[in-house]
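Residue numbers (the numbering used here): 6 to 258. Just so you know, even glycine gets a beta-carbon here, dropped at the ideal spot from N, CA and C. Here's the structure we're looking at; comments come further down.
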């Protein structure tokens, strides 16, 4: 099992300087990794890669073979996408696998797609280690390691199986953030932090919202926003206003 603090740090530097389009999240079961923290907050790709629309579709090309079934997989991914739509103007809709989609999702073995030939697309490493990786816009792909034992629930160690059970919602939320154009956050409490999987957090923080504002602009989506703000909705209906009226409520970066 590789140390979670070494290789990802180097890869993050390569991403920042070389514009690599692929970002992964790694897992190390050792508890001391939880003490890692960084002071800087969100980061964006050097090219400011982003989508040119807010209505995105996604499709599943393959499903996990360990533990979780197709129905729970769909439910977990829908929950992860919903977390981003709750705090942003984005909406996400699943479409059948035979239709065109903006984001393509699959569960793959170690050697998958073009990973053996591509410098930007690395292969998986078996159970533990790298859990998933995603491509920045507009490529729109999220790959999960099929050797992992995926569940919809809190990450925990199974003494019966002798493996870590990994929460699909948590990892998917992190990878969707990459697919929207966010790199790793230096805020240890953020879902986009390099070691976010180990913290058990499933919430998107203000850090990620600010990152989306910086990337896509912080504009009200509805003409009625100023009136709603005067009625006090910025406090009483905070989630609604964060999504539709960030400028009127001064929720911007």
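Query - Residues near residue 231 in its chain [Cβ-Cβ closer than 6 Å; skip 5 each side] - result: Numbered from 1 along the chain shown, position 226 holds the residue referred to as residue 231. Closer than 6 Å at the Cβ level, and outside the excluded window around residue 231, lie 253.
Report task. Counting only the same chain and skipping the five closest in sequence on each side, list residues whose C-beta sits under 7 Å from that of residue 91. Result -> Residue numbering aside, residue 91 sits at position 86 when the chain shown is read from its first letter. If the five residues before and after residue 91 are omitted, its C-beta is found closer than 7 Å to the C-beta atoms of 244 and 248, all from its own chain and listed in chain order.
Query raised in the report: So, residue 5 versus residue 132, is the Cβ gap smaller than 8 Å?
Result: As displayed, the chain neither begins before 6 nor continues past 258, which places residue 5 out of reach and without an answer.
Query - Buried versus exposed, by CB contacts within 10 Å (16 or more), residue 159 - result: Within the chain shown, the letter at position 154 stands for residue 159. In summary, residue 159 is exposed, with fewer than 16 beta-carbon neighbours lying within 10 Å of its beta-carbon over all protein chains present.
Query - Ordered list of beta strand (DSSP E) runs contained in the region 48 to 106, each at least 3 residues - result: The DSSP assignment places complete beta strand (DSSP E) segments of no fewer than 3 residues inside the region 48 to 106 at 60 to 65 and 96 to 99, in order along the chain.
Query raised in the report: If you compare alpha carbons, which of 233, 255, 213 and 69 is closest to residue 93?
Result: Here the question's residue 93 lines up with position 88 in the chain shown. Comparing C-alpha distances from residue 93 to each of 233, 255, 213 and 69 shows the shortest one belongs to 213.
Report task. Run the CB neighbour count on residue 229, radius 10 Å, all protein chains shown included, and call it buried at 16 or more, exposed below. Result -> Here residue 229 corresponds to residue number 224 of the chain shown, with the count starting at 1. With a threshold of 16 other beta carbon atoms within 10 Å, residue 229 falls short and is exposed.
Query - Pairwise C-alpha distance: residue 114 and residue 256 - result: For the purposes of this step, residue 256 is identified with residue 251 of the chain shown, where counting begins at 1. For the purposes of this step, residue 114 is identified with residue 109 of the chain shown, where counting begins at 1. The straight-line gap from Cα to Cα measures roughly 41 Å.
Report task. Please state if the CB of residue 140 and the CB of residue 69 are separated by a distance shorter than 8 Å. Result -> What you label residue 69 is simply residue 64 of the chain shown in a count that begins at 1. What you label residue 140 is simply residue 135 of the chain shown in a count that begins at 1. At least 8 Å separates the beta-carbon of residue 69 from that of residue 140.
Query raised in the report: Distance, Cα to Cα, residue 52 vs residue 142?
Result: By 1-based counting over the chain shown, the position of residue 52 is 47. By 1-based counting over the chain shown, the position of residue 142 is 137. Approximately 11 Å, taken between the alpha carbons.
Requested in this report: Using 10 angstroms around the beta-carbon of residue 164, count the other beta-carbons present and answer buried if the total reaches 16, otherwise exposed.
Outcome: Within the chain shown, residue 164 is the residue found at index 159, counting from 1. Its Cβ having fewer than 16 others within 10 Å, residue 164 is exposed.
Query raised in the report: What number of angstroms, rounded off, separates the C-alpha of residue 167 from the C-alpha of residue 161?
Result: Taking the first residue of the chain shown as 1, we reach residue 167 at position 162. Taking the first residue of the chain shown as 1, we reach residue 161 at position 156. C-alpha of residue 167 to C-alpha of residue 161: approximately 11 Å in a straight line.
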